[in-house]
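This note's numbering applies: residue 50 is where the sequence shown begins, and numbers increase by one.
In this text, a Cβ means the ideal position worked out from N, Cα and C, and glycines have one as well.
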Amino acid sequence: MVRISEAWRPGRRGVLRGAAGLGAAALLPAGAARAQDFAGRTIEWVIPMSVGGGSDTWARFHLPFLQRNLPGSPTVVVRNITGGGGINGTNQFAGRARPDGLMILGTTASIQFPFLLGDPRVRYDYAQWVPVLASPTGGVMYVRPELGVRGPQDFARLKAAQGLRFGSQGPTSLDIVPALAFEMLGLDVQIVFGMQGRGQGRLAFERGETPIDYQTSSAFISQVMPLVREGKAVPLCSWGVMNDAGEIVRDPNFPDLPHFAEFAQAATGSPPSGPAWEAWRALFIAGFAAQKFVVLPRTTPAGIVNAYKAAFARTLADPEYKEKRGPVIGEYDEVTGPAADRHYAAATTMSADTRQWTREWLLRRFNHRLGGDN
Numbered sequence: 050m051v052r053i054s055e056a057w058r059p060g061r062r063g064v065l066r067g068a069a070g071l072g073a074a075a076l077l078p079a080g081a082a083r084a085q086d087f088a089g090r091t092i093e094w095v096i097p098m099s100v101g102g103g104s105d106t107w108a109r110f111h112l113p114f115l116q117r118n119l120p121g122s123p124t125v126v127v128r129n130i131t132g133g134g135g136i137n138g139t140n141q142f143a144g145r146a147r148p149d150g151l152m153i154l155g156t157t158a159s160i161q162f163p164f165l166l167g168d169p170r171v172r173y174d175y176a177q178w179v180p181v182l183a184s185p186t187g188g189v190m191y192v193r194p195e196l197g198v199r200g201p202q203d204f205a206r207l208k209a210a211q212g213l214r215f216g217s218q219g220p221t222s223l224d225i226v227p228a229l230a231f232e233m234l235g236l237d238v239q240i241v242f243g244m245q246g247r248g249q250g251r252l253a254f255e256r257g258e259t260p261i262d263y264q265t266s267s268a269f270i271s272q273v274m275p276l277v278r279e280g281k282a283v284p285l286c287s288w289g290v291m292n293d294a295g296e297i298v299r300d301p302n303f304p305d306l307p308h309f310a311e312f313a314q315a316a317t318g319s320p321p322s323g324p325a326w327e328a329w330r331a332l333f334i335a336g337f338a339a340q341k342f343v344v345l346p347r348t349t350p351a352g353i354v355n356a357y358k359a360a361f362a363r364t365l366a367d368p369e370y371k372e373k374r375g376p377v378i379g380e381y382d383e384v385t386g387p388a389a390d391r392h393y394a395a396a397t398t399m400s401a402d403t404r405q406w407t408r409e410w411l412l413r414r415f416n417h418r419l420g421g422d423n
């Protein structure tokens, strides 16, 4: 197992599961949620991505539970504000949201990455918000069977392969995680930009145009597992998940697959390390291990914040939620309370050295210059 970050060290209650379900409600001050009443109010849930996308689907899945569990059963509406890869809507939330609990934001990796990398378009600061829900996901890397690669034992064959291509949404999208993985493995992969979503990347893989690909867990299960069963795709590794001690461990959705750090060590003979690993680690946390949050302005009164935390705690304990969550978020434990705070700290932190190395790598590898780079 690979230690990830001091920010993931658990307290006495643990990190991933210690505050899930009714346990989280027990961590709130007695009567704190009851002190707030949203009866007759309308709450705007800003999603800075398009209708029908992953973030929108995630929010709309939670919406009826939130309406049911907030005091007074208010009306909650999702407002999609697109543009700038999520930056536009997030900037608007940062400028407009008041500390009254009537506007919340659903964040995702697409807005965490620009923040971490110092993108000059960003006019928001995660330090100015407080999380009330944290949601992880996973991902799986896979290859075409024609490569003759079945696992790390065939790494020499993978490294010698000619014509490796990967379809990417952009250099600072979620696809930076596999791009850094290729870098650490020393693979000669041509990264082709312009994919409008991971679905297009999968279709390019199916057509034989890109022999190596990855999908997030839900898409892998629904769209790629049929290819695996038909012998048209070979999974190599998952990205992994975080355990209570802040270590990368195998994804429970894919227990027979090594996680990336396992795969890299078996393939190369050494555990991943160095600046590329530090960058991968930070972006993996922000992109997968703690991909989405629901946040409020940090100046929001404690009674309102606690009302949201209690509402999400009741949601996580709801048998209907547990029954229906699989196709939407996978079998991953969403958390609230102190566990969400730990996720938040880990997902929104990158050292200055790692940030600078990543910016220089983006310029060197893709000729991609973030504003402010000379």
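Which runs of the beta strand (DSSP E) spanning at least 3 residues fall entirely within the stretch 164-229, listed in chain order?
-> Residue ranges of uninterrupted beta strand (DSSP E) with 3 or more members, entirely inside the stretch 164-229 and ordered along the chain, are 178-184, 188-192 and 214-217.
Residues of its chain near Pro320, where Cβ-Cβ distance is below 6 angstroms and the 5 sequence neighbours each way are ignored = Leaving aside the five residues that flank Pro320 on each side, the residues in its chain whose CB is nearer than 6 angstroms to its CB run, in chain order, Gln314.
Hey, quick one: how far does the alpha helix (DSSP H) through Pro368 stretch, first residue to last?
-> Counted as a single uninterrupted DSSP element, the alpha helix (DSSP H) harbouring Pro368 occupies residues Pro368 to Lys373.
Excluding five sequence neighbours on each side, which residues of the same chain lie with their C-beta closer than 7 angstroms to the C-beta of Asn140?
-> Correct list, in chain order: Arg172 and Tyr173.
Rounded C-beta distance between Ala395 and Ala339? I'm assuming under 8 angstroms.
-> Indeed they touch by this definition, with Cβ atoms about 6 angstroms apart.
In angstroms with no decimal places, state the Cα-to-Cα distance between Thr407 and Ala335.
-> Note on geometry: alpha-carbon atoms of Thr407 and Ala335 lie some 14 angstroms from one another.
For Val377, the three-state DSSP class (helix, strand or coil) | It is helical.
When the Cα of Ala158 is compared with those of Val238, Glu279, Val226 and Ala360, which residue comes out closest?
-> In this structure, Val226 is the residue among Val238, Glu279, Val226 and Ala360 with its C-alpha nearest to the C-alpha of Ala158.
Would Gln161 be called buried (16 or more neighbouring beta carbons within 10 Å of its own) or exposed?
-> Around the C-beta of Gln161, 16 or more other C-beta atoms lie within 10 Å, and the residue is accordingly described as buried.
Whole-angstrom C-beta distance between Ala253 and Gly216, which should lie under 8 angstroms = Right, the Cβ-Cβ distance comes to about 4 angstroms (below 8 angstroms), so this counts as a contact.
Pair within 7 angstroms by beta-carbon distance, Gly188 and Thr265 | In terms of Cβ geometry, Gly188 and Thr265 form a close pair [threshold 7 angstroms].
Limits of the unbroken beta strand (DSSP E) element including Ser104 = Taken as a continuous stretch (DSSP letters only), Ser104 belongs to no beta strand (DSSP E), being part of the alpha helix (DSSP H) at Gly103 to Asn118.
Whose C-beta lies closer than 8 angstroms to the C-beta of Pro346 among residues of the same chain, with five residues either side of it excluded?
-> For Pro346, the CB contacts under 8 angstroms within the same chain, skipping 5 residues up- and downstream, are Ala146, Arg147, Pro148, Gln177, Trp178 and Val179 in chain order.
Work out the CA separation of Thr348 and Leu306 for me, nearest whole Å.
-> Our two residues, Leu306 and Thr348, have alpha carbons roughly 43 angstroms apart in a direct line.
Where Asp300 and Ala183 are concerned, what is the direct C-alpha to C-alpha distance, given to the nearest angstrom?
-> Spanning the two alpha carbons is a distance of roughly 17 angstroms.
Quickly, what does DSSP pair Arg128 with across the bridge? List them, please.
-> DSSP lists Val95 as partners of Arg128.
Where in the stretch 294-380 do unbroken runs of the alpha helix (DSSP H), each at least 4 residues long, occur, reported from the N-terminal end onward?
-> The stretch 294-380 contains, as complete alpha helix (DSSP H) runs of 4+ residues, the segments 309-317, 324-333, 351-366, 368-373 and 375-378 (chain order).
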